[in-house]
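With the numbering used here, the residue at position 255 of the sequence shown is 482, and numbering never jumps.
Before any comments, here is the structure.
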Amino acid sequence: MRLFQLDRIGEQPRLAEADCPAPAAGEVRVRIAACGLNFADLLIIEGRYQEHPPLPATLGMELAGTVEALGEGVDPGLLGTRVAVFAGSGGLAEAGCFPADRCLPLPETMSFIEAAGFQIAYGTSHVALSHKARLAPGETLLVTGAAGGVGLTAVEIGKAMGATVIACARGADRLEVARAAGADHLIDSDTDDLRAAVLALGGADVVYDPVGGPLFAEAMRACRPDGRLLAIGFASGEVPQIKANHLLVKNLSVIGLYWGGYLAFRPQVLTASLATLFRWHAEGRLHPHVSHVLPLERAAEGLDLLRQRKATGKVVIAMH
228 MRLFQLDRIG EQPRLAEADC PAPAAGEVRV RIAACGLNFA DLLIIEGRYQ
278 EHPPLPATLG MELAGTVEAL GEGVDPGLLG TRVAVFAGSG GLAEAGCFPA
328 DRCLPLPETM SFIEAAGFQI AYGTSHVALS HKARLAPGET LLVTGAAGGV
378 GLTAVEIGKA MGATVIACAR GADRLEVARA AGADHLIDSD TDDLRAAVLA
428 LGGADVVYDP VGGPLFAEAM RACRPDGRLL AIGFASGEVP QIKANHLLVK
478 NLSVIGLYWG GYLAFRPQVL TASLATLFRW HAEGRLHPHV SHVLPLERAA
528 EGLDLLRQRK ATGKVVIAMH
């Protein structure tokens, strides 16, 4: 089978070949149909991610495919099931072995391409907005990086939860993608004053920020009293330094979220969230946006699209 392998931190991954693995006890082997790319894949290559898979490592954190072999102790009913898997690594391959309890059966309404990029982006936004920030109907949500992989899902989920959504992104084309996802107001981060524009709309109750850097500081200054700021990531490359006295003056809360971290201490948070999201998708309330579908041999090109911020929504690698 073919796979996209990282041999050394800081080097570019390469297309390689390996024998098809056999599942261990408690595992299944999945014939992988598609794998979603994430900004975290870039951080793993650079050695800057919070988790460090042993090398050589097959990249690809989330995938979708069909269960084709079972390890000892696995429910025989899983054989032949269409599943999505949050694996952490191993998705950019034609097959892989994963714990059976990581496999989520897919609704018939969801394609492999949609499923491959669904869990992390939608899961992050739903857990952040619902479980962490307690976004309420009628509140105002500001989303930075609103046309990106996670930002676009925050726009869509925020609308589904009854919020007024302000989308901030770079350029008219990306803002149009956010508008199509349900954004009520648009701010161009290349030309507009974020703080002034948000305050002119009455301020934000909740900020969803996967960008970091100066945008975080401006968004914090645009919050209403008792606002909540979700630190989702730092795609700008700059982790903001937060002055505690600014939080005190307006009774602000800064809330961090690492979606995958819940697997270690409260996996039921993710399970319940994904059950809700799959139901919303089946009901036609969510419409995953995939801007690029590329074959495995062009996985490096897909990562460059993320690195250069040329993608909207998700980039997905299709194995065949």
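Glycine included, every Cβ here is placed at the ideal spot set by N, Cα and C.
Can you give me the Cβ contacts of residue i inside the same chain, cut-off strictly under 8 Å, excluding the 5 residues immediately before and after it?
{"i": "Ser500", "result": "Gly350, His353, Val354, Ser357, His358"}
{"i": "Ala462", "result": "Phe266, Gly372, Gly375, Pro437, Val438, Gly439, Arg536"}
{"i": "Asp234", "result": "Pro240, Arg241, Leu282, Pro283"}
{"i": "Glu273", "result": "Ile236, Gly237"}
Output yes or no for whether 7 Å exceeds the beta carbon distance between residue i and residue j.
{"i": "Val312", "j": "Leu290", "result": "yes"}
{"i": "Leu497", "j": "Tyr489", "result": "yes"}
{"i": "Thr285", "j": "Ser316", "result": "yes"}
{"i": "Val370", "j": "Ala348", "result": "no"}
{"i": "Gly300", "j": "Ala252", "result": "yes"}
{"i": "Lys541", "j": "Gly372", "result": "no"}
{"i": "Val433", "j": "Arg455", "result": "yes"}
{"i": "Glu341", "j": "Pro515", "result": "yes"}
{"i": "Gln232", "j": "Pro283", "result": "yes"}
{"i": "Pro326", "j": "Glu278", "result": "no"}
{"i": "Ala545", "j": "Val520", "result": "yes"}
{"i": "Ala314", "j": "Met228", "result": "no"}
{"i": "Cys324", "j": "Arg401", "result": "no"}
{"i": "Ala360", "j": "Leu504", "result": "no"}
{"i": "Ala423", "j": "Leu379", "result": "no"}
Looking only at its own chain, which residues have a Cβ that is under 6 Å from the Cβ of residue i, when we skip the five neighbours before and after it?
{"i": "Val392", "result": "Leu368, Val382, Gly385, Lys386, Ala410, Asp411"}
{"i": "Asp453", "result": "Asn478"}
{"i": "Ala374", "result": "Ala396, Arg401, Val404, Ala405, Thr539"}
{"i": "Ala491", "result": "none"}
{"i": "Glu335", "result": "none"}
{"i": "Ile271", "result": "none"}
Tell me, which residues are paired with residue i by DSSP?
{"i": "Ser480", "result": "Arg455"}
{"i": "Cys247", "result": "Per DSSP, none; premise fails for Cys247."}
{"i": "Thr498", "result": "DSSP, once it has assigned bridges, lists no residue as partnering Thr498."}
{"i": "Val370", "result": "Ala394, Tyr435"}
{"i": "Ala545", "result": "Ala261, Pro522"}
{"i": "Arg241", "result": "Gln232"}
{"i": "Leu331", "result": "Ala311"}
{"i": "Gly169", "result": "Beyond the ends of the chain as shown, which are 228 and 547, falls residue 169; an answer cannot be given."}
{"i": "Ala517", "result": "The residue you asked about is not Ala; residue 517 is Val in the sequence shown. Val517 pairs with Gly540, Lys541."}
Just the C-alpha distance for residue i and residue j, rounded to the nearest angstrom, thanks.
{"i": "Arg448", "j": "Thr539", "result": "27 Å"}
{"i": "Val438", "j": "Ala394", "result": "13 Å"}
{"i": "Met288", "j": "Ile236", "result": "17 Å"}
{"i": "Thr308", "j": "Phe339", "result": "12 Å"}
{"i": "Val425", "j": "Leu242", "result": "45 Å"}
{"i": "Ala245", "j": "Ala320", "result": "10 Å"}
{"i": "Met337", "j": "Glu445", "result": "38 Å"}
{"i": "Pro281", "j": "Ala427", "result": "49 Å"}
{"i": "Ala509", "j": "Asn472", "result": "45 Å"}
{"i": "Pro441", "j": "Val476", "result": "20 Å"}
{"i": "Cys247", "j": "Cys262", "result": "17 Å"}
{"i": "Gln495", "j": "Arg525", "result": "36 Å"}
{"i": "Leu413", "j": "Ile469", "result": "26 Å"}
{"i": "Gly429", "j": "Arg451", "result": "8 Å"}
{"i": "Leu333", "j": "Val481", "result": "34 Å"}
{"i": "Met388", "j": "Ala249", "result": "43 Å"}
{"i": "His547", "j": "Ile259", "result": "9 Å"}
{"i": "Arg536", "j": "Pro303", "result": "43 Å"}
{"i": "Arg493", "j": "Asp328", "result": "14 Å"}
{"i": "Arg506", "j": "Gly460", "result": "27 Å"}
{"i": "Leu474", "j": "Pro364", "result": "24 Å"}
{"i": "Gly464", "j": "Asp419", "result": "21 Å"}
{"i": "Tyr435", "j": "Pro467", "result": "14 Å"}
{"i": "Ala527", "j": "Gly487", "result": "24 Å"}
{"i": "Arg275", "j": "Leu230", "result": "22 Å"}
For residue i, which residues from the same chain have a beta carbon less than 7 Å from its beta carbon, with the 5 sequence-adjacent residues on both sides left out?
{"i": "Asp417", "result": "Arg397, Gly398"}
{"i": "Leu533", "result": "Leu264, Phe266, Leu269, Val542"}
{"i": "Leu331", "result": "Val310, Ala311, Leu501"}
{"i": "Leu306", "result": "Val294, Leu297"}
{"i": "Leu530", "result": "Leu264, Asp268, Leu269"}
{"i": "Leu362", "result": "Leu356, Leu368, Gly385, Met388, Ala390, Val433"}
{"i": "Leu421", "result": "Cys395, Ile414, Leu442, Glu445, Ala446, Ala449"}
{"i": "Arg512", "result": "Ala387"}
{"i": "Glu366", "result": "Ala390, Asp432, Val433"}
{"i": "Val483", "result": "The sequence shown places Gly at residue 483, not Val. So the list reads Ala458, once near-sequence residues are dropped."}
{"i": "Gln346", "result": "Glu289, Ala311, Phe313, Leu501"}
Problem - Those runs of the beta strand (DSSP E) which lie wholly inside the stretch 252-320 and span at least 3 residues - result: 254-263, 289-297, 309-313
Problem - Every unbroken beta strand (DSSP E) inside the stretch 382-464 [3 residues or more] - result: 391-396, 412-415, 431-436, 450-458
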